[in-house]
Amino acid sequence: MSLVYLILLPFVGSLLAAVLPSNARNTESTLAGVIALYCTVQTALAFPQVEHGGVLREQIDWLPSLGLQLSLRMDGLAWMFCMLVFGIGSLVVLYARYYMSPADPVPRFFSFFLAFMGAMAGVVLSGNLIVLVFFWELTSLFSFLLIGYWHHRQDARRGARMALTVTATGGLCLLAGVLVLGHIVGSYELDHVLVAGELVRGDPLYLTVLVLVLLGAFTKSAQFPFQFWLPHAMAAPTPVSAYLHSATMVKAGVFLLARLWPVLGDTGPWFWLVGGVGACTLLVGGYAAMFQNDLKGLLAYSTISHLGLITLLLGLNSPLAPVAAVFHIMNHATFKASLFMAAGIVDHESGTRDIRRLSGLRRMMPITATLATVASAAMAGVPLLNGFLSKEMFFAETVYLNASPRVAIALPVAATIGGMFSVAYSLRFVLDVFGGPPATDLPHEPHEPPHWMRVPVELLVLICLVVGIFPAWAVGRYLDAAALPVVGGTLPHFSLAVWHGPNAPLVMSLLALAGGTLLYLMLRAQRTGARADAPPPLLPRVSGKERFEEALALLTAGARALLRWTSTTRLQWQMLWVVLATLAAGVAPILWSDSLRDGGRTQLPLSPAFALLWVIGGLCALAAAWQAKFHRLAALIFMGGAGLCVCVTFLWLSAPDLALTQLAVEVVTTVLFLLGLRWLPRRDQSLPASDPSALRAQARRLRDLLIACAAGAGMALLAYAVMSRPFSDSTSTFFLERALSQGGGSNVVNVMLVDFRGFDTFGEIVVLGIVALTVYALLRRFRPAGEAMDLPEQQRYLPADLHTDLHTDLLNPRHATDTAIGYLMVPAVLVRLLLPFTALVAFYLFLRGHNQPGGGFVAGLVFAVGLVLQYIVSGTSWVEAHMHILPRRWIATGLLLALGTGLGALAFGYPFLTSHMAVLSLPLLGELHLASATFFDAGVFALVVGATLLILTAIAHQSVRSHRWHARMLEEEQLALAAVVSYADDEAPPGLHAGALR
């Protein structure tokens with residue numbers, strides 16, 4: 001099976017689960033279970049190919065020219081983690097089918113769950129470091145959704161936010177470390193990185209890479225001092241907790257440490273950082289677990305402790321320590337998943353997880369009690385169970401480590417103390433919950449759960465027993481295959497025998513069992529004494545929750561202060577900061593590198609006519625800026641003059657495509673400004689020129705003028721430097737040489753837009769469509785100021801018949817008066833005759849665009865101008881009553897055409913938006929050259945038409961609203977006057993009427 005499907009299938013299932021009805025509970029669980037089980041089987045079938053160091057690889061090219069591709073690889077380590085992700089995922093799905101309440105939104109649960117499974121599969125199967133970081137962050141996102149699944153609960157929301165904040169921040173550090181690591185190696189492909197250990201460890205940036213990568217791993221696997229987020233994630237449903245703690249999320253951090261052990265391990269900094277953090281986490285997590293009163297809280301801290309054990313093993317710089325770490329990852333997954341499910345059963349059947357209220361459940365739930373006892377014994381490291389074997393290997397590595405005398409003593413002591421903690425909290429989980437007299441104050445009467453809800457726990461406990469009794473037969477081959485990629489070479493010799501004779505590790509195990517039992521009895525006596533409710537000693541001091549909340553509060557307060565200092569509702573100040581920031585960003589690299597200079601290419605002599613043209617254009621620009629405050633229409637006219645000079649400049653420099661586009665844009669933007677000027681507030685001229693406020697305003701305008709001139713001069717300088725470069729230093733020759741042969745067109749500009757840079761153009765039209773829809777959405781709720789709602793003087797005193805027609809049109813737009821029979825007869829007739837002509841010109845420009853000046857963009861603007869003229873002369877109401885334009889459908893059609901063209905290339909096995917040329921022989925017409933880019937250009941045409949009309953008509957509708965408001969006011973006045981007249985007629989003396997009085 002393709003590795004892509006192992007990642008893709010869970011995401012597809014997530015989408016399907018999201019659209020299923022909420023009452024299709026069996027369908028949703030069956031869908032999730034079938035996908036997880038199918039992926040488990042396919043992963044198991046791949047074992048022979050990875051057993052002896054083999055690697056399965058797949059690569060999907062995205063942008064081969066930039067070296068960007070989706071790389072996937074499966075070796076023994078990835079195979080083992082895939083078995084955990086999919087195998088335990090299958091069991092959790094079956095368990096969740098009976099755990100989740102019918103009142104819960106089950107489709108959302110299974111949708112998030114499958115997406116989480118796919119993200120974790122992406123992490124372990126990634127063959128590229130950047131791809132790994134991408135899926136890494138997806139696991140943080142979907143774990144946030146799963147932890148906050150019961151979003152009506154405050155603890156769920158807080159736990160989800162805390163988990164996302166910590167792990168996503170660590171993910172950013174990981175991304176930075178990966179970028180530096182790829183820079184050192186020269187590649188982000190894991191195949192290249194894993195063999196470059198000597199190169200990386202000898203590089204001066206090694207320590208930087210190490211710290212950044214470890215921050216990502218430690219935050220994800222809840223290592224000290226970042227362990228505080230994991231207990232708060234227990235607000236998630238128990239199936240999520242079981243899956244998150246056993247096979248996903250927190251295991252991602254130790255997976256990363258194991259994956260990069262051949263590259264970053266076996267150094268002094270690695271030993272002290274990884275080993276030190278692992279030892280602290282082992283002890284802190286185990287110590288805290290003993291004092292928890294919540295079943296899931298106890299298991300959460302025990303997970304932290306065992307993750308610390310795995311991390312400590314990976315930091316010991318011993319060839320056998322990574323093997324023990326991989327073995328404990330496998331064992332921990334089985335007993336921890338079964339324990340969480342057992343805790344969920346207790347909560348589900350008794351109604352509480354409070355250990356202080358639970359007691360004697362072995363009489364009411366004997367099978368569950370037995371399963372929980374065996375799983376707890378495996379967690380404690382009792383012989384003949386799988387946890388005992390990996391813990392023995394852990395003890396052996398701490399005893400036989402070649403280290404300094406202090407470390408050689410401290411490590412076995414810390415390991416033994418950690419083992420004692422493990423025994424103590426395991427005994428508390430079993431004896432305090434299932435032992436003792438039966439509880440009498442439980443919310444529900446406990447009983448055994450449905451059989452199929454218990455089956456996943458039974459299977460996992462069976463694995464604990466089989467592995468503990470027959471380790472070499474049960475897991476020997478699989479452990480060898482999983483550990484070989486971690487050690488990065490020859491696998492060291494080790495034995496999985498149950499009995500190795502009397503030795504130091506066995507003594508440590510016996511001490512841990514005896515000491516843990518004694519510790520449990522002491523703590524139990526303390527809890528029943530006077531200080532039963534006292535907080536555990538030292539625990540608040542090692543908790544990072546308070547520090548996290550303090551840091552979050554400081555960041556929030558700082559952000560609010562910065563927002564108050566920098567934010568403003570005045571557009572002028574916002575534009576000032578944007579222009580200044582852009583100007584600084586442009587000047588800084590020039591001053592830093594001194595790279596802006598004359599390109600040296602011989603320039604054409606400056607023509608006096610061309611110089612005069614630019615003098616006129618510059619004067620128009622300055623006049624437009626000056627008049628913008630005093631006379632807006634004059635400023636618009638001057639701005640149009642400057643735009644016209646730019647059009648002529650493009651023609652002068654042999655760029656007819658740009659000139660044509662600029663001219664069409666000038667027309668559209670002029671109409672846009674004309675429509676917008678109507679709604680601007682009037683200028684306040686009440687202040688005398690000598691007033692200090694007026695003087696400050698003049699100074700501000702002078703400052704803005706100087707900044708604008710500086711920005712414009714900088715852009716002119718950049719343009720000059722670019723255009724004066726030799727052609728050999730630019731990409732111009734590349735496009736000139738390949739436009740016809742590879743793009744099928746002689747118009748280089750158009751071929752660049754729809755072929756060579758078609759992906760860029762696709763992104764630009766998507767942005768254009770989003771902008772148009774945003775403007776439309778904003779203007780739908782826009783209500784102008786009161787002074788802008790006043791009718792112009794010439795409309796207040798219209799003739800009675802025209803006023804009546806206007807009133808009728810606005811109240812009944814489907815019966816709008818035809819302007820062709822009024823005083824606008826001549827313009828209306830001319831504009832309607834112009835519409836088919838503009839459509840013909842647009843069609844002509846569209847067809848010739850691949851070889852001559854034109855194309856979909858300018859054709860769309862020309863056609864849009866023809867339609868806009870109808871609105872201007874005939875009126876919005878009349879046009880929309882007679883023409884069904886529907887701009888939003890134009891936008892949707894354009895996007896679908898452009899996307900369909902790109903997907904069509906993928907369907908034939910070519911990269912996205914690859915263009916192809918076909919030659920058609922038609923009767924009478926002869927040979928017709930048709931490029932597939934024509935359909936893409938048609939999408940550009942449709943979207944430009946839709947976006948232009950949507951923006952312009954959205955503004956035009958403000959006038960319709962204004963006139964409609966005045967029409968309603970007029971109607972209300974007429975009704976009020978009629979009522980007064982009627983009342984006067986009723987009250988007048990006989991023979992005298994109100995009409996005579998008027």
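The numbering of the sequence shown is UniProt numbering, which starts it at 1 and goes up by one.
For every residue, glycine included, the Cβ atom is placed at its ideal position computed from N, Cα and C.
The C-beta distance from G516 to V423 rounds to 2 Å, short enough to meet the 8 Å contact threshold. Counting C-beta atoms within 10 angstroms of its own C-beta, F846 has 16 or more neighbours from the protein chains shown and is therefore classed as buried.
The Cβ-Cβ distance between L181 and V195 does not fall below 8 Å.
Collapsing the DSSP output to three states places L401 in coil.
Ranked by how close their Cα comes to the Cα of I417, the residues A512, Q572 and V873 have A512 in first place. By a beta-carbon distance limit of 8 Å, D441 does not contact D354. Their separation comes to about 10 Å. In this chain, the alpha helix (DSSP H) harbouring S693 covers P692 to M723. A straight line joining the alpha-carbon of D657 with that of A905 spans about 27 Å. Burial is judged here by how many other beta carbons sit within 10 angstroms of a residue's own beta carbon; G253 has at least 16 and is buried. Under the criterion of beta carbons closer than 8 Å, G122 and L138 qualify as touching, at roughly 7 Å. Taken in chain order, the region 214-288 contains no complete beta strand (DSSP E) segment of 3 residues or longer. Per the C-alpha coordinates, the member of V858, S90 and R73 positioned closest to A839 is V858. The Cβ-Cβ distance between F756 and G743 falls below 8 Å. Taking every protein chain shown into account, the CB of V615 has fewer than 16 other CB atoms within 10 angstroms, so this residue is exposed. Between the beta-carbon of G127 and that of S71 there is about 3 Å, and that keeps the pair under the 8 Å contact cut. About 4 Å separates the beta carbons of A324 and M393, which is inside the 8 Å limit, making them a contact pair. Between V944 and G860, the CB-CB gap stays under 8 Å. Within the model, the alpha-carbon separation for I409 versus A415 is close to 10 Å. Ranked by Cα distance from A828, the first of V579, N23, G866 and P319 is G866. Taken in chain order, the whole alpha helix (DSSP H) runs of length 4 or more contained in the region 463-509 are 471-487. In its chain, beyond the 5 residues on either side, G468 and I469 have a beta carbon closer than 6 Å to the beta carbon of L384. Proximity to G276 across H151, L214, V455 and V19 peaks at L214, based on C-alpha coordinates. Taking the Cβ atoms as the reference, F434 lies roughly 7 Å from T373, within the contact range of under 8 Å. In the three-state reduction of the DSSP assignment, D354 falls in the strand class, which pools E and B. Per DSSP, V754 is not a residue of any beta strand (DSSP E), being assigned neither H nor E. For V461, the closest C-alpha among the options P450, V430, R725 and N386 is that of N386. Shown here for S221: same chain residues with a beta carbon closer than 6 Å to its own, the five before and five after excluded, namely V250, G253, V254 and L307 in chain order.
In this chain, M917 is not harboured by any alpha helix (DSSP H); it is covered by the beta strand (DSSP E) spanning M917 to L922. Pairing G13 with A32, the inter-Cα distance amounts to about 7 Å.
Residues E448 and R454 of the same chain have their beta carbon placed closer than 7 Å to that of I367, with the five preceding and five following residues left out of the count. Under the three-pair Cβ rule at 8 Å, the region 619-631 does not count as touching the region 653-667. A straight-line Cα-Cα distance of about 37 Å links G714 and T914.
Comparing alpha carbon positions, the residue from A559, A947, H957 and R406 closest to R781 is H957. Judged by DSSP in its simplified three-state form, I147 adopts helix.
With a cutoff of 8 Å on beta-carbon distance, G909 and G939 are scored as not near each other. Taken in chain order, the complete alpha helix (DSSP H) segments of 4 residues or longer contained in the region 552-621 are 571-593.
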